[in-house]
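These notes concern the structure reproduced below.
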Amino acid sequence: MDCQYLPLASTGQFSSLFLDYITNKDSLKPFYGRFPDVAAFEGQINDKTFDEANRRVLVDALERQYQHIAVKPDFSTLLQANTFTVTTGHQLNIFTGPLYIIYKLITTIKLARKLKETYPAYNFVPVYWMATEDHDFAEINHFSLMGKPYVWETEQRGAVGRMSPKELKTLFTQIPEKLALFEDAYLKHDTLADATRYYINELFGAEGLVCLDADDAALKRVFAPVMRDELINQQSGELVSKRTAELEALGYKTVIAPRDINLFYLDDQLRERIERKEDGTYQVLHTKQTFLESEILTLLDEHPEKFSPNVVLRPLYQETILPNLAYIGGPSEVPYWLQLKSVFEHYQTPFPILMPRNFAMYIPSVSAKRVAKLGLTPEQLFQDTLTLKREFVDNHTRHTLKFDNENKTVNKALDAILHKAQMVDPTLERAVLAETKRFADAVARLEKKMRRAEERNQEVGIRHLLTVKNELFPNGSLQERNENFLTFHLNDRQFLSKMLDAFDPFDYRMQLCLQ
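Quick note on our numbering: the sequence shown kicks off at 3 and runs consecutively.
Here it is, written out as structure tokens:
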């Protein structure tokens, strides 16, 4: 597969905070630990210690979660002191969701491989942190296949990982393609978490990828001391707010806003924020459940699974229960992690290396031929449609579409007229300038008419240009944010393996992959 590369800054698709991070800008260095290059992992390995008992808790949890999967990864390596993880995470989008989720998983797999090559004395396990406790169903209930959207409608509520996916049977009747893997996943498993683990294992289990569901009582018990401190002292919100203000003082827009208590109450069909009232009691919002401090702490001791970290504490939870070295995230995730370093410092937990995921645009052979025939460069593909069309017309016309030379001649004459008029009567200046403005407007209108006429002359080429643009930027945004991997996998069963071969986890550029 032929690949071309483009700096991310040239695409116009990423925030200044993200771009400054990947270019190692000095002003951002206080907001993270180590910059993500391969040499940084030596120090990260030395800093990361992980309790042997916690390794056993982790492996036991994985064994429980994979108990109904016949062919599974070998978890025993995680019991070894020289084994570390590299992790990415995402919501449980149906049918894998947008293409970039697959790219996150592939980047994580490739990072584990690269680290093993560089540090052969250690083992590196790629982990997919399934966001099973997330309750924003609207983010996960749809996907796009070959440009057509499909939506899962349900009355279920609460943590999405606990939802039954069997309602998706209706969706399979709407999809023209036979998707046996996903039918087995969704119709033969009781929860969305189990279904997702099943199909991810089928897709990437052979590559060593491990799926972790942190909605687990034993894992939550490991994190319980932090949750207890959060309930009593509520320090994480203040720490993140201070760090957020520092980023904003540098001119950056931040992503997350902390709460006083950064925990949810979690139960079947329910995930709601916990607030402490002025009288010292704790309230589960939008319910009648209230607790005295002693009661909520007893509940935490007995049922830690009923507490769910929000976006502020979830990263710390991850780093507490995993022997983790790096987190692989997208252009929104990396910036919000930069708001969190002080929380890690407070709890004396090493801050992981933040790795941007790989970014790619897959160009099928038909589109690749059109791009070549149109003579488009990678930079041009990322231009907005109006600019792209204008440049195309200018580059392919046999005519001059602007009156630049003529304007110079006329403007010289108008200057002379203005000078003569002013000599006769200075008050005539306004009248002459008004006529000059009318003339300039008339010329501009003529230029627009000429351009529209030339666009009609080049109608076929422009139509092909817009077809390519719409194919590669569905709905006007990046392909990887819209299309599902099945759009390409169904036409090329080697799609995933090709992307596995093509990705380099330390290459922070946009990759254009031609089929």
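Glycine included, each C-beta is placed from N, C-alpha and C at the ideal position.
Per DSSP, the beta bridge partners of residue 153 are 144.
With contacts defined by Cβ atoms closer than 8 Å, residue 291 and residue 263 do not form a contacting pair.
When DSSP states are grouped into helix, strand and coil, residue 90 belongs to the strand group. In the DSSP assignment, residue 329 is bridged to 89 and 356. Residue environment: residue 437 is assigned as exposed (fewer than 16 neighbouring CB atoms within 10 Å of its CB, all protein chains considered). The C-alpha of residue 115 lies about 20 Å from the C-alpha of residue 36.
Counting of Cβ neighbours within 10 angstroms places residue 219 among the exposed residues, the total staying below 16.
At the C-beta level, residue 313 and residue 345 stay beyond 8 Å of one another.
Taking one beta carbon from each stretch, the region 84 to 98 and the region 118 to 126 have 3 or more pairs nearer than 8 Å; the two touch. Residue 385 and residue 13 have their C-alpha atoms some 8 Å from each other.
Taking a cut-off of 8 Å for Cβ pairs, the region 280 to 289 and the region 211 to 230 do not touch, as fewer than three such pairs fall below it. Secondary-structure assignment with DSSP links residue 214 through a beta bridge to 131. Residue 134 sits away from residue 228, with the two beta carbons spaced by 8 Å or more.
Exclusion of the five residues before and after residue 238 leaves 232, 260, 264, 314, 315 and 345 as the residues of its chain whose Cβ lies within less than 7 Å of its Cβ. When the five nearest sequence neighbours on each side are left out, the beta carbons in the same chain lying within less than 7 Å of the beta carbon of residue 492 are those of 179, in order along the chain. In the three-state DSSP reduction, residue 59 falls in the helix class (H, G or I). Residue 271 and residue 139 have their C-alpha atoms spaced approximately 12 Å apart. The secondary-structure analysis by DSSP pairs residue 292 across a beta bridge with 285.
In summary, residue 450 is exposed, with fewer than 16 beta-carbon neighbours lying within 10 Å of its beta-carbon over all protein chains present.
Rounded to whole angstroms, the Cβ separation of residue 167 and residue 200 is 10 Å, and the two are not in contact under 8 Å. The residue among 147, 194 and 482 with its C-alpha nearest the C-alpha of residue 104 is 482.
Note that the C-beta distance between residue 327 and residue 355 is below 8 Å.
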